[in-house]
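Enquirer: One structure, as structure tokens, below. Some questions next.
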Amino acid sequence: MNAPQSMTMPAAMKQKHLPGDLAMWFFIMAELGVFLLLLGGMAFARGYYAEIFHEGIATLHPEAGLANTLVLLTGSYFVARGVHTAKGGRNRVAPWFVAGALTGLVYAVIKIAEYQILISAGYNLRSSTFYFFYFFTTFFHFAHVLLGMVILLVVAQRSRKGFYADAGVARNAAESAGSYWHMVDLVWLVLFPLLYVLP
Amino acid sequence: MEMKLTIGWLSLMGLTILGWWLGHHMATGTLLTLIVVVLTVIKGQWLIDQFMELRHAPRVFRFLVSGWLLLLGGAMAVFLT
Chain A
1 MNAPQSMTMP AAMKQKHLPG DLAMWFFIMA ELGVFLLLLG GMAFARGYYA
51 EIFHEGIATL HPEAGLANTL VLLTGSYFVA RGVHTAKGGR NRVAPWFVAG
101 ALTGLVYAVI KIAEYQILIS AGYNLRSSTF YFFYFFTTFF HFAHVLLGMV
151 ILLVVAQRSR KGFYADAGVA RNAAESAGSY WHMVDLVWLV LFPLLYVLP
Chain B
1 MEMKLTIGWL SLMGLTILGW WLGHHMATGT LLTLIVVVLT VIKGQWLIDQ
51 FMELRHAPRV FRFLVSGWLL LLGGAMAVFL T
């Protein structure tokens, strides 16, 4: 009687699992589609208007870009650890997600400081093709970081208050929030070399 | 698993600092661009597989997100070299 059960175990373990809700993944794919146009457009424009981009990039702050990349990667690590606890049934999601949201806050402070320096120096969306792409794309990404922070904090709070009916629902919520946050980090990983690494 | 995430996170940080340092110390040109693009794709794919956990997701999701990364890596390699 036990034989079929033991035979199905490896199959069950190998079963494909989508991390989070399918609706969240439709949303993530739509977001990636928009970012594909923006980042692809930026790469194209950078090649086409090489001199304008070269001059514009020289006015940015490479250390700020590096710091923000390290901060977002650390945030993704915290969030991945939180999701991992949800899978183990220990449900220690809240502290990890709050830590992840705090890295978003650090990112926001650094980004706003860079915007302030550039705007004080007289640069804006209309200054050149470079500044259009810089402000438009990074601000659009910035808005996604803010939304990611809200999602993480809502799931953290609900998780802490025992809002979720069972461990499966709690895990699904944690994975949905985590997937969104990692998407935001992935987009930044591509923005980073376009603005802060290649001179 | 926790150890794997920690090692991966530290590796991502290390590769980020390496790429950034090369970008500011190496002579600009095709080689630098390609190195930076390859580092970006490696980092992105690790994030997709381990942090996003798409390695064990239905194949179409990993295909789409990795395809997104490769398209942009390809665009950078083509337009910036």
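These protein sequence lines map, in sequence, to chains A and B. Residue 35 in UniProt numbering sits at position 35 of the first sequence; the count goes up by one each step and never skips. Residue 47 in UniProt numbering sits at position 47 of the second sequence; the count goes up by one each step and never skips. All C-beta atoms, glycine included, are put in the ideal place defined by N, C-alpha and C. Here the structure is a predicted model, which means the values were calculated and not measured.
Could you name the residues of the stretch 136–157 of chain A whose beta carbon sits closer than 9 Å to any beta carbon of chain B, in the order they occur along the chain?
Expert: Flagged: no residues at all.
Enquirer: At 4 residues or longer, what runs of the alpha helix (DSSP H) sit wholly inside the stretch 40–82 of chain A?
Expert: The stretch 40–82 of chain A contains these whole alpha helix (DSSP H) runs: 50–57.
Enquirer: Given that a residue counts as buried once 16 or more other Cβ atoms are within 10 Å of its Cβ, and exposed if not, what is A/Asp-185?
Expert: Here residue 185 of chain A refers to the residue found at position 185 of the first sequence. A/Asp-185 comes out buried.
Enquirer: So for A/Met-29, helix, strand or coil by DSSP?
Expert: In the first sequence, residue 29 of chain A corresponds to position 29, counting from 1. Correct three-state label for A/Met-29: helix.
Enquirer: Just the chain B side, please: which residues come within less than 7 Å of A/Phe-26 by C-beta, in chain order?
Expert: Here the question's residue 26 of chain A lines up with position 26 in the first sequence. Here the premise fails: no neighbours, minimum Cβ distance about 11 Å.
Enquirer: Starting from A/Ile-151, trace the alpha helix (DSSP H) both ways and give me its first and last residue.
Expert: Within the first sequence, residue 151 of chain A is the residue found at index 151, counting from 1. Its alpha helix (DSSP H) spans residues 129–160.
Enquirer: Looking at B/Ser-66: is its Cβ nearer than 8 Å to the Cβ of B/Gln-50?
Expert: Numbered from its first residue, the second sequence carries residue 66 of chain B at position 66. Numbered from its first residue, the second sequence carries residue 50 of chain B at position 50. No. Outside cutoff.
Enquirer: Does DSSP put A/Gln-15 in a helix, a strand or coil?
Expert: Along the first sequence, one-based indexing puts residue 15 of chain A at 15. Correct three-state label for A/Gln-15: coil.
Enquirer: Measure the CB-CB distance between A/Ala-43 and B/Ala-57 and report whether it falls below 8 Å.
Expert: Position 43 of the first sequence, counted from the first residue, corresponds to residue 43 of chain A. Position 57 of the second sequence, counted from the first residue, corresponds to residue 57 of chain B. Going by C-beta atoms, A/Ala-43 is not nearer than 8 Å to B/Ala-57.
Enquirer: Candidates A/Glu-114, A/Phe-142 and A/Val-150: which alpha carbon is nearest A/Thr-59's?
Expert: The residue given as residue 59 of chain A occupies position 59 in the first sequence. Comparing Cα positions, the closest option is A/Glu-114.
Enquirer: Leaving out five residues on either side along the sequence, give the residues of the same chain with a beta carbon under 6 Å from the beta carbon of A/Ala-3.
Expert: Stepping through the first sequence from its first residue, residue 3 of chain A is reached at position 3. Note that A/Ala-3 scores a pLDDT of 42, beneath 50, so its modelled location is shaky; the value from the coordinates is reported in the next line. Here the set comprises nothing.
Enquirer: Using the C-alpha atoms, what's the distance from A/Phe-35 back to A/Gly-41?
Expert: The sequence position of residue 41 of chain A within the first sequence is 41, counting from 1. The sequence position of residue 35 of chain A within the first sequence is 35, counting from 1. Rounded to whole angstroms, A/Gly-41 to A/Phe-35 spans 9 Å at the Cα level.
Enquirer: Express the C-alpha separation of A/Gly-65 and A/Leu-198 in angstroms, rounding to a whole number.
Expert: By one-based count along the first sequence, residue 198 of chain A stands at place 198. By one-based count along the first sequence, residue 65 of chain A stands at place 65. Each residue's Cα considered, the two are about 12 Å apart.
Enquirer: Determine, using beta-carbon pairs with one atom in the stretch 188–197 of chain A and one in the stretch 160–173 of chain A, whether at least three such pairs fall under 8 Å.
Expert: Touching, no.
Enquirer: Name the residue from A/Thr-69, A/Gly-33, A/Phe-53 and A/Ala-80 whose alpha carbon lies nearest to the alpha carbon of B/Leu-5.
Expert: In the second sequence, the residue the question calls residue 5 of chain B occupies position 5. Comparing Cα-Cα distances from B/Leu-5 to each of A/Thr-69, A/Gly-33, A/Phe-53 and A/Ala-80, the minimum goes to A/Ala-80.
Enquirer: Does the beta-carbon of A/Met-1 have 16 or more other beta-carbons within 10 angstroms, so that it is buried, or is it exposed?
Expert: In the first sequence, residue 1 of chain A corresponds to position 1, counting from 1. With a pLDDT of only 39 at A/Met-1, under the threshold of 50, the placement of this residue in the model should not be trusted; the figure read from the coordinates follows. A/Met-1 comes out exposed.
Enquirer: Counting beta carbon pairs with one atom in the stretch 35–44 of chain B and one in the stretch 147–160 of chain A, are three or more of them shorter than 8 Å?
Expert: Counting Cβ pairs under 8 Å, fewer than three are found: no touch.
Enquirer: Who are the neighbours of A/Ala-80 on chain B, taking C-beta pairs under 7 Å?
Expert: Counting from 1 along the first sequence, the entry for residue 80 of chain A is found at position 80. Those are Leu-5 and Phe-51, listed as they occur along chain B.
Enquirer: Could you tell me whether the Cβ of A/Ala-12 comes closer than 8 Å to any Cβ of chain B?
Expert: If you number the first sequence from 1, residue 12 of chain A lands on position 12. Here A/Ala-12 scores only 48 on pLDDT, less than 50, and its place in the model is too uncertain to base an answer on.
Enquirer: For B/Leu-54, collect the residues of the same chain with a Cβ closer than 7 Å to its Cβ; drop the 5 residues on either side in sequence, then sort them by chain order.
Expert: Indexing the second sequence from 1 puts residue 54 of chain B at position 54. The answer, listed in chain order, is Ile-48, Phe-61, Arg-62 and Val-65.
Enquirer: Establish whether the CB of B/Leu-64 and some CB of chain A are separated by less than 8 Å.
Expert: For the purposes of this step, residue 64 of chain B is taken as the residue at position 64 of the second sequence. It does; some Cβ of chain A falls within 8 Å.
Enquirer: Using a C-beta cutoff of 8 Å, does B/Gly-14 count as contacting chain A?
Expert: To locate residue 14 of chain B, count along the second sequence from 1; it is residue 14. It does not: the Cβ of B/Gly-14 has no partner Cβ on chain A nearer than 8 Å.
Enquirer: Under 6 Å Cβ to Cβ from A/Leu-18, same chain only, skipping five residues before and after it: list those, please.
Expert: The residue given as residue 18 of chain A occupies position 18 in the first sequence. Answer for A/Leu-18: no residue qualifies.
Enquirer: Establish whether the CB of B/Thr-33 and some CB of chain A are separated by less than 8 Å.
Expert: Within the second sequence, residue 33 of chain B is the residue found at index 33, counting from 1. It does: the Cβ of B/Thr-33 has a partner Cβ on chain A nearer than 8 Å.
Enquirer: Give the DSSP-derived three-state secondary structure of B/Gly-29 in the structure shown.
Expert: To locate residue 29 of chain B, count along the second sequence from 1; it is residue 29. Correct three-state label for B/Gly-29: coil.
Enquirer: Considering only residues of the same chain and omitting the five flanking positions on each side of A/Ser-6, which have a CB-CB separation below 6 Å?
Expert: Translated into positions along the first sequence, residue 6 of chain A becomes position 6. With a pLDDT of 43 at A/Ser-6, under the threshold of 50, the predicted position of this residue should be treated as unreliable, and no value is reported.
Enquirer: Rounding to the nearest angstrom, what Cα-Cα distance links B/Thr-16 and A/Ile-110 in this structure?
Expert: Here residue 16 of chain B refers to the residue found at position 16 when the second sequence is read from its first residue. Here residue 110 of chain A refers to the residue found at position 110 when the first sequence is read from its first residue. Near 18 Å, if we compare the C-alpha coordinates of A/Ile-110 and B/Thr-16.
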